[in-house]
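When we follow this note's numbering, the leftmost residue of the sequence shown carries the number 28, and every step to the right adds one. Yeah, the Cβ is synthetic: ideal placement off N, Cα and C, and Gly gets one too.
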Amino acid sequence: MTGSSSSKDQKFDESYIAEYIQSLERRVRDLEHEKRLVEGRYLKLDRELASLRAEFDRVRSPPLIAGTLLDVLDDGRAIVRSTTGPHFVVTASRFIKREDLKPGVRVALNQRTLSIVEVLPTKKDPLVLGMEIEEIPDVSYSDVGGLEEQIREIRETVELPLLKPDLFAKVGIDPPRGVLLYGASGTGKTLLARAVAHETKASFIRVIGSELVQKYIGEGARMVREMFELAREKAPSIVFIDELDAIGTRRMDASTSGDREVHRTLMQLLGEIDGFDPRGDVRILAATNRPDILDPALLRPGRFDRLIYFPLPKQKARLAIFKIHTRNMNLAKSVDLKALVRMTERATGADIKAICTEAGMFAIRDGREQVEQRDFEQAVGKVLPSLRISEVPEFSARSDKMYG
Ligand code: ATP
């Protein structure tokens, strides 16, 4: 009896122990699983912490100063010109490859020690420079309506010096260095500048003054320099500075850094104009609709010393412009351009172009292939009410006021 009960007890103990071991093994597996989960979470948090630390450092790190490397000394130090002006002798971080340190490259300097911490990419690409380049524009004088007098002046001042420079040498005079086109927006200034580039087979480089000083803060002066470099590379070429007033307003006290920036850009432009050969194969044109606020320094002889005025088109000119913009249109017999001319008092060339396009759109919307007089009339109603043109009056840079 006792023997059998003790063997029962023994079996019970064994099964109990086996079960206990199993439960322990399960527990170990669970704990191991948990450990892996925790380790995974730890790794994730660690990565997040590292990225937050990096972001924190980025936010906390002071801005770098941009500069241009002028020379590398024998002992490995470099001479740089910071964009704020002064020249410094500085060291370079050991992470920068020595061969990348070439005179002329742009570099970033640590603000406190001024050592070079980065070599910045160069921006020779005209798109990055914010310039527009047309190898040879595709518009000619025959696409310009009603500006006969302006075309004659442009031919004399821009075309002739490019095509027959020896003529000026023989007569013994210098052609005007810079030609300023002025008049209300949409009166054909850019159009005529492109047309003269076409007629002289010159590259057309256009830059917009306001973009030079707003979009590329701190870079305006460099952009002006590079624009002229590019113009010389692409010669014969025509440099066209649109919205000249944005860089060339009369100088007040350059009190804010923005004013100083505009001033630096203007000084660079004046320097470039003064330094270039008026008989060379780069011509400078500029446009503005605010000639009255221009810095007189720009209008001095030897700079923008020829001014060409672009008035709002009168009747005859409007007719010529209508003819140009309708010459490829399928017009119905009803179309009376003279009547349209009478309806478009104070419209610019750009408005007339918009009217023609709109008239075509009305015909398309109506399911017609021919454009009728009523389409034009509707288009005039659509385009002209939005007109609020303040005509730029003719102005003389040679008045005593400008030079007084
Ligand atoms: P902004 O001062 O705004 O630059 P702008 O005087 O340079 O103006 P353009 O860009 O030359 O004006 O004109 C815009 C468009 O209007 C031209 O591309 C052209 O289609 C049309 N246009 C303006 N004037 C004339 C014109 N005299 N003859 C034919 N088309 C014209």
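Assign residue i to buried or exposed, taking buried as 16 or more other Cβ atoms, counted over all protein chains shown, within 10 Å of its Cβ.
| i | result |
| --- | --- |
| P202 | buried |
| S33 | exposed |
| H114 | exposed |
| F39 | exposed |
| L51 | exposed |
| T384 | exposed |
| Y84 | Looking at the sequence shown, residue 84 is not Tyr but Asp. Exposed. |
| E180 | buried |
| E226 | buried |
| K261 | buried |
| Y47 | exposed |
For residue i, which residues from the same chain have a beta carbon less than 8 Å from its beta carbon, with the 5 sequence-adjacent residues on both sides left out?
| i | result |
| --- | --- |
| L154 | Note that L154 has pLDDT 45, beneath the 50 cutoff, so the model's placement of it is unreliable and no number is given. |
| A248 | R291, T292, M294, Q295 |
| T217 | R233, F267, D269, A314 |
Leaving out five residues on either side along the sequence, give the residues of the same chain with a beta carbon under 7 Å from the beta carbon of residue i.
| i | result |
| --- | --- |
| Q177 | L219, I335, F337 |
| D319 | F422 |
| I379 | R345, I348, F349, H352, T371 |
| D402 | A386, F389, A390 |
| R259 | V309 |
| N137 | L91, V144 |
| K365 | L346 |
| R233 | M158, E159, F267, D269 |
| A45 | none |
| V410 | D378, A381, I382, E385 |
So does residue i have its beta carbon nearer than 7 Å to some heavy atom of ligand 1?
| i | result |
| --- | --- |
| G213 | yes |
| A386 | no |
| G236 | no |
| K341 | no |
| A313 | no |
| N316 | yes |
| L218 | yes |
| G275 | no |
| F231 | no |
| K129 | no |
| D165 | no |
| K27 | Because the chain here runs from 28 to 431, residue 27 falls outside it and cannot be looked at. |
| V171 | yes |
| D269 | yes |
| L239 | no |
| A222 | no |
| A262 | no |
| L91 | no |
| G11 | The structure shown does not extend to residue 11, since the chain is modelled only from 28 to 431, so the question has no answer here. |
| I351 | yes |
| F303 | no |
| F337 | yes |
| I348 | yes |
| L334 | no |
| L174 | yes |
Quick one: residues in its chain with C-beta nearer than 6 Å to the C-beta of residue i, no 5 flanking neighbours on either side, listed in chain order?
| i | result |
| --- | --- |
| E132 | The question names Glu, but residue 132 in the sequence shown is Val. Closer than 6 Å at the Cβ level, and outside the excluded window around V132, lie L96, V146. |
| K151 | Because K151 carries a pLDDT of 49, less than 50, the predicted location of this residue cannot be relied on, and the following value inherits that uncertainty. Taken in chain order, the list of residues that qualify is empty. |
| E59 | none |
| Y270 | Residue identity differs from the one stated: residue 270 is Glu in this sequence, not Tyr. Closer than 6 Å at Cβ, skipping near neighbours: I235, G236, S237. |
| V99 | A105, L128 |
| S109 | I92, G94 |
| L141 | F115, V117 |
| P89 | Q138 |
| V362 | Q400 |
| A377 | G213 |
Could you tell me the boundaries of the alpha helix (DSSP H) in which residue i lies?
| i | result |
| --- | --- |
| I200 | Here I200 belongs to no alpha helix (DSSP H), and DSSP marks it neither H nor E. |
| D378 | 376 to 392 |
| A324 | 323 to 326 |
| F349 | 342 to 353 |
| R249 | 247 to 260 |
| F403 | 400 to 410 |
| L218 | 216 to 226 |
| I235 | Per DSSP, I235 belongs to no alpha helix (DSSP H); it is in the beta strand (DSSP E), 230 to 235. |
| V368 | 364 to 370 |
What are the boundary residues of the beta strand (DSSP E) that residue i is part of?
| i | result |
| --- | --- |
| F115 | 114 to 117 |
| E145 | 143 to 147 |
| A205 | In the sequence on display, residue 205 carries Gly and not Ala. Run containing G205: 205 to 210, per the beta strand (DSSP E) assignment. |
| G94 | 92 to 99 |
| F337 | 331 to 337 |
| T315 | 309 to 315 |
| A105 | 105 to 109 |
Exercise. Looking at C-beta atoms only, is the number of pairs between the segment 320 to 330 and the segment 215 to 227 that lie closer than 8 Å three or more?
Worked result: In short, these stretches do not touch, since the Cβ pair count stays below three.
- Specify whether the segment 259 to 273 and the segment 307 to 321 touch according to this definition: at least 3 beta carbon pairs, one from each stretch, less than 8 Å apart. Yes: the two stretches touch, three or more of their Cβ pairs being nearer than 8 Å.
Within the chosen definition, does the segment 295 to 305 reach the segment 191 to 210 through at least 3 CB pairs nearer than 8 Å? Taking a cut-off of 8 Å for Cβ pairs, the segment 295 to 305 and the segment 191 to 210 touch, as three or more such pairs fall below it.
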